[in-house]
Amino acid sequence: MAETPREDAVPGTSEVEPGADAVARSEADLRRYVYVEELLRDKLSEALGGWRGAVESAVPTLAFALVWARTENLRTALVVAGACVALLLVVRLVQRQDARFVAYAAAGVGISAFFALRSGRAEDAFLPGMLQNAGLLVLLLVTNLTRWPLFGFVVGVAEPEAFAENPTWWRRHSGIVRVAARLAWVLIALNVVRLAIMVPLYLAEQVAALGIAKVVLGWPAYLVAITAMGAILLRGRTPIDPSRVS
């Protein structure tokens with residue numbers, strides 16, 4: 000008598016893959032949600048790191064700007080920013096908490112140091128961030144205009160098995176495409192504002208003003224954008240699975 004395949008087995012294999020437990024946990028988590036908007040609210044909150052992630056991202060940049068404004072010594076400003084990252088990392092490790100947002104800040108300081116030290120111009124420490132904003136702006140515009148909004152993939156990866164089989168399964172649902180595109184337009188507007196303010200300051204070599212602008216246009220501006228996205232998500236009721244709400 001043929002053995003009935005296990006329901007949790009991956010198609011085409013006789014055993015459960017090593018990562019099956021993680022897949023099962025992800026799918027169990029997804030079942031807590033009925034609407035696309037519910038899912039995105041939680042996933043975006045996780046991605047942004049909450050208030051603590053915001054502080055950890057902003058402190059090294061603010062430290063760089065303040066030290067440079069007082070000393071006009073590029074190396075000193077970068078050392079202080081790096082020390083801030085190290086301190087934040089130690090606190091996370093002592094508390095045995097996720098240090099990924101400190102790692103993001105460390106990567107940002109490292110890239111900024113490379114650009115600034117290579118040219119000797121302090122304002123070049125802000126060039127990587129502006130290039131990132133410009134790249135993200137182009138990417139968001141292209142994907143929105145071609146109806147492949149990036150936020151759709153946030154929904155897509157929420158179901159790992161479906162995503163592994165077909166990463167674009169979410170595009171079958173026009174509601175997901177619409178919601179994802181609306182969220183992306185908010186970030187497009189944010190990056191336009193950032194570049195419109197920071198590029199002229201960079202060209203004018205206004206280092207202290209660049210530091211302040213980077214902080215203000217960082218998490219505070221993100222909070223405004225998140226508020227706008229929150230309004231979009233709170234209004235909508237787009238089912239993840241129509242059969243669950245029919």
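Take the sequence shown: its letters are residues 0 to 245, numbered as in numbering that gives the first Met the number 0. Ideal Cβ positions, reconstructed from N, Cα and C, are used throughout, including at glycine.
By the CB criterion at 8 Å, N132 and R193 fall inside the cutoff. Looking at the DSSP output, Y34 bridges to P238. Straight across, the Cα-Cα distance linking S56 with Y221 is about 12 Å. A212 is the residue among A212, A224, A227, L232 whose C-alpha sits nearest the C-alpha of T60. With respect to the 8 Å criterion, M197 and F100 are not classified as neighbours on the basis of their beta carbons. In its chain, beyond the 5 residues on either side, E36, L39, R40 have a beta carbon closer than 7 Å to the beta carbon of L232. With respect to V84, V108 sits close: the two C-beta atoms are nearer than 8 Å.
Taking the Cβ atoms as the reference, L186 lies roughly 6 Å from A224, within the contact range of under 8 Å. In the assembly as shown, D123 is a buried residue. Its beta-carbon has 16 or more other beta-carbons within 10 Å. Nearest C-alpha to L130 among A102, Y201, A80: Y201.
Within the segment 139-164, the runs of alpha helix (DSSP H) at least 4 residues long that lie entirely inside it are, in chain order, 150-155, 159-164. One alpha carbon belongs to Y34, the other to Q94, and they sit about 35 Å apart. Taking a C-beta distance under 8 Å as the contact criterion, A106 and V79 do not qualify as a contact pair. DSSP, reduced to helix, strand and coil, places Q131 within a helical segment of the structure shown. Scanning E164, V178, R171, G52 for the CA closest to the CA of P148 turns up V178. Burial state of T237 is buried, judged by a 10 Å Cβ sphere holding 16 or more other Cβ atoms. If you ignore the 5 residues before and after L87, its C-beta comes within less than 6 Å of the C-beta of E55, V101, all in its own chain and listed in chain order. Rounded to the nearest angstrom, the Cβ distance from L136 to V214 is 20 Å, too far for a contact under 8 Å.
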